[in-house]
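Trainee: Reminder that position 300 of the sequence shown reads as 312 in the numbering used here, one-by-one numbering, no gaps.
We put the CB at the ideal spot given by N, CA and C, even for glycine.
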Amino acid sequence: MTGDVVGLAVSLALLAVAGDQFIVAVARIASAVRVRPTVVGAVVGGLGTSIVELVVAALAVARHEAKLAVGSLVGSVIANVCLALTIAALISPVRVSSGTVRREAPLSVASVALFAVLAVGGMSVTKGAVLAVALVPAVGLLLAWARRPGRDTLGTEVVEFLEKPAHKPRPEVLRGLASLAVMLGGAELMVTCVVGLADRLGMAQGLAGLTLVGIGTSAPLIASSVQGARRGEHDLVVGNVLGGNLFIALGGGALVGLLSSGPVTGSGAVGLYLMVAVVTAAWLAMARGSRVTRWEAVVLLVTYAAMLPFLDR
13 MTGDVVGLAV SLALLAVAGD QFIVAVARIA SAVRVRPTVV GAVVGGLGTS
63 IVELVVAALA VARHEAKLAV GSLVGSVIAN VCLALTIAAL ISPVRVSSGT
113 VRREAPLSVA SVALFAVLAV GGMSVTKGAV LAVALVPAVG LLLAWARRPG
163 RDTLGTEVVE FLEKPAHKPR PEVLRGLASL AVMLGGAELM VTCVVGLADR
213 LGMAQGLAGL TLVGIGTSAP LIASSVQGAR RGEHDLVVGN VLGGNLFIAL
263 GGGALVGLLS SGPVTGSGAV GLYLMVAVVT AAWLAMARGS RVTRWEAVVL
313 LVTYAAMLPF LDR
């Protein structure tokens, strides 16, 4: 058991570092080939906050750990809201622009709701295709909104990567490939250790995905949200959570469905209902006063803690 715990910690460190370097490489390659910064910010930014979750879920499906894969996606979405957003709001109430409340937030919530509706009966290739198709207009909307001057966009954290653009893409391609290889290795180690821990603790794989993997893969986002709240970068916090959830729900769900060889049963209905409930509650909190207050954060955090024993039912 000690070996599994140590292996899980090592895998989290590998995934965090490799995921960060992968997005640095992608952003700089895009800069080198003259892709518009707004495009990079809207797409790569959202992908950057979810790339670890996507890799872990895809590898879990490839290893026939279907419940772990779906549970990890659901757990990551819940953790993004109930831990990353709430901890940031406890540090400093998170201000949200009216444009985000009207556009990005409902798009993110709708993406999560679609994933939940399809996942209730189990994922399949057809459902994965539906989510993949839905991802196209969702990204299109992000790009359209990103091109509007004076509007905030999801994924603003990518700007810092563009301060030192790559003049030659080849080194960054090598960086990206190496990072992807390390991520795959870290994901393999994580899945192996989580399955081992679940067996030893008598924990269902779905619950392990919802908790151990979901919280673990969200750890980098939680850390960046805390730093963003301390610096008063509220757009960064909100953009990370909304963009990450959109890509996890549509992109992650699509990968799980398309890579499956048959029907994939995932997390219990309670976890799916809680996922939709917390993202909707966060949106309503943003709309109520254009901010997420400390007491609203406490409510979300307490709800998450209270529902943990029932998530896999």
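1) Output needed for S62: all residues of its chain with C-beta closer than 6 angstroms, excluding positions within five of it in sequence on either side, in chain order.
2) Can you check which of these residues, P105, A78, V129, T14, is closest to G301 by C-alpha distance?
3) What are the boundary residues of the alpha helix (DSSP H) that includes N92?
4) Of the choices V86, L192, V113, whose alpha-carbon is the least far from that of V36?
5) Just reading off the alpha helix (DSSP H) that H76 is part of, what are its end residues?
6) Mind checking who M202 pairs with in its DSSP beta bridge?
7) Using 8 angstroms as the threshold, is the stretch 216-234 in touch with the stretch 91-105, meaning 3 or more CB pairs across them?
8) Are three or more beta carbon pairs between the stretch 117-137 and the stretch 311-324 nearer than 8 angstroms?
9) Going by DSSP in three states, V282 sits in which element: helix, strand or coil?
10) In chain order, what residues of the same chain lie with their CB nearer than 6 angstroms to the CB of G19, ignoring the 5 residues before and after it?
11) Would you tell me roughly how many angstroms separate the C-alpha atoms of G198 and G218, rounded to the nearest one?
12) For R107, which residues does DSSP report across the bridge?
13) Helix, strand or coil for M215 per DSSP?
14) Which residues in the same chain have their Cβ closer than 8 angstroms to the Cβ of L26, if we skip the five residues on either side of it in sequence?
15) Spatial neighbours of H246 within its chain, please: CB distance less than 6 angstroms, with the 5 preceding and 5 following residues excluded, ordered by chain position.
16) Considering only their Cβ atoms, is the gap separating V268 from L126 smaller than 8 angstroms?
17) Does the beta-carbon of T223 have 16 or more other beta-carbons within 10 angstroms, so that it is buried, or is it exposed?
18) So T364 is in the alpha helix (DSSP H); what residue range does that whole segment cover?
19) Are there 16 or more other CB atoms within 10 angstroms of the CB of R182, so buried, or fewer, so exposed?
20) Would you report the Cα separation of A266 and A144, rounded to the nearest angstrom?
21) Going by C-alpha distance, which of L147, G15, L130 is nearest L262?
22) Count the other CB atoms, across all protein chains shown, that sit within 10 Å of the CB of S23; report buried if there are 16 or more and exposed otherwise.
23) Tell me whether the beta-carbon of M215 lies closer than 8 angstroms to the beta-carbon of V89.
24) Assign E116 to one of three DSSP states: helix, strand, or coil.
25) Nearest-angstrom Cα distance between G251 and V290?
26) Where V68 and G244 are concerned, what is the direct C-alpha to C-alpha distance, given to the nearest angstrom?
27) Ignore the nearest five residues each way along the sequence and tell me which others in A72's own chain have a CB closer than 6 angstroms to its CB.
28) So, is T112 buried or exposed, given that buried needs 16 or more other C-beta atoms within 10 angstroms?
29) Between the beta-carbon of G134 and the beta-carbon of G221, is there less than 8 angstroms?
30) In whole angstroms, give me the CA-to-CA distance for G140 and E77.
31) Could you check whether A128 and L284 sit closer than 8 angstroms to each other, using their CB atoms as the reference points?
Mentor: Looking at the coordinates:
1) Counting from 1 along the sequence shown, the entry for residue 62 is found at position 50. Excluding five sequence positions before and after S62, the CB atoms of its chain that fall closer than 6 angstroms to its own CB belong to G256, F259, I260, given in chain order.
2) The sequence position of residue 301 within the sequence shown is 289, counting from 1. Answer by Cα proximity: P105.
3) Reading the sequence shown from its first residue, position 80 is the one you call residue 92. It is not in any alpha helix (DSSP H) - N92 carries neither H nor E in the DSSP assignment.
4) In the sequence shown, residue 36 corresponds to position 24, counting from 1. Of V86, L192, V113, the smallest CA-CA separation from V36 is found for L192.
5) Stepping through the sequence shown from its first residue, residue 76 is reached at position 64. Taken as a continuous stretch (DSSP letters only), H76 belongs to no alpha helix (DSSP H), as it is neither H nor E.
6) Here residue 202 corresponds to residue number 190 of the sequence shown, with the count starting at 1. Residue pairing for M202: DSSP places it in no beta bridge.
7) Under the three-pair Cβ rule at 8 angstroms, the stretch 216-234 counts as touching the stretch 91-105.
8) Output reads no: the stretch 311-324 does not touch the stretch 117-137.
9) Counting from one through the sequence shown, the residue named residue 282 turns up at place 270. DSSP places V282 in helix when its eight states are reduced to three.
10) For this step, residue 19 is matched to residue 7 along the sequence shown. L201, C205.
11) Translated into positions along the sequence shown, residue 198 becomes position 186. Translated into positions along the sequence shown, residue 218 becomes position 206. For G198 and G218, the gap between their C-alpha atoms comes out near 20 angstroms.
12) The residue you call residue 107 lines up with position 95 of the sequence shown. Under DSSP, R107 forms a beta bridge with R303.
13) The residue you call residue 215 lines up with position 203 of the sequence shown. Coil, per DSSP.
14) On the sequence shown, residue 26 is found 14 positions in, with the first residue counted as 1. Within the same chain, L26 has close Cβ partners V194, M195, G197, G198, L201.
15) Reading the sequence shown from its first residue, position 234 is the one you call residue 246. V106, R107, listed in sequence order.
16) Residue mapping note: residue 126 aligns to position 114 of the sequence shown, counting from 1. Residue mapping note: residue 268 aligns to position 256 of the sequence shown, counting from 1. Annotated as distal: L126 and V268, with beta-carbon spacing of 8 angstroms or more.
17) As a first step, residue 223 is located in the sequence shown; it is residue number 211 there, counting from the start. By the neighbour-count criterion, in which a residue is buried when 16 or more other Cβ atoms sit within 10 angstroms of its Cβ, T223 is buried.
18) A question about residue 364 goes unanswered here, because the residues of the chain that appear run from 13 up to 325.
19) For the purposes of this step, residue 182 is identified with residue 170 of the sequence shown, where counting begins at 1. Sixteen is the threshold: since fewer than 16 other Cβ atoms of the shown chains lie within 10 Å of the Cβ of R182, the residue is exposed.
20) If you number the sequence shown from 1, residue 266 lands on position 254. If you number the sequence shown from 1, residue 144 lands on position 132. If you take the alpha carbons of A266 and A144, they lie about 5 angstroms apart.
21) Numbered from 1 along the sequence shown, position 250 holds the residue referred to as residue 262. Checking every option, the nearest Cα to that of L262 belongs to L147.
22) Position 11 of the sequence shown, counted from the first residue, corresponds to residue 23. S23 should be labelled buried.
23) To locate residue 215, count along the sequence shown from 1; it is residue 203. To locate residue 89, count along the sequence shown from 1; it is residue 77. No.
24) Position 104 of the sequence shown, counted from the first residue, corresponds to residue 116. For E116, the three-state secondary structure derived from DSSP is helix.
25) Here residue 251 is taken as the residue at index 239 of the sequence shown, counted from 1. Here residue 290 is taken as the residue at index 278 of the sequence shown, counted from 1. Using only the alpha carbons, I get a separation of about 16 angstroms.
26) Numbered from 1 along the sequence shown, position 56 holds the residue referred to as residue 68. Numbered from 1 along the sequence shown, position 232 holds the residue referred to as residue 244. Roughly 31 angstroms separates the two Cα atoms.
27) Here the question's residue 72 lines up with position 60 in the sequence shown. Same-chain partners within the cutoff: L80, A81, V203.
28) Along the sequence shown, read from residue 1 onward, the residue named residue 112 stands at position 100. Answer is buried; the Cβ neighbour count reaches 16.
29) Residue mapping note: residue 134 aligns to position 122 of the sequence shown, counting from 1. Residue mapping note: residue 221 aligns to position 209 of the sequence shown, counting from 1. Cβ distance not < 8 angstroms, so G134 and G221 don't count as in contact.
30) Position 128 of the sequence shown holds residue 140. Position 65 of the sequence shown holds residue 77. For G140 and E77, the distance between alpha carbons rounds to 17 angstroms.
31) Taking the first residue of the sequence shown as 1, we reach residue 284 at position 272. Taking the first residue of the sequence shown as 1, we reach residue 128 at position 116. Yes, Cβ-Cβ distance for L284 and A128 is below 8 angstroms.
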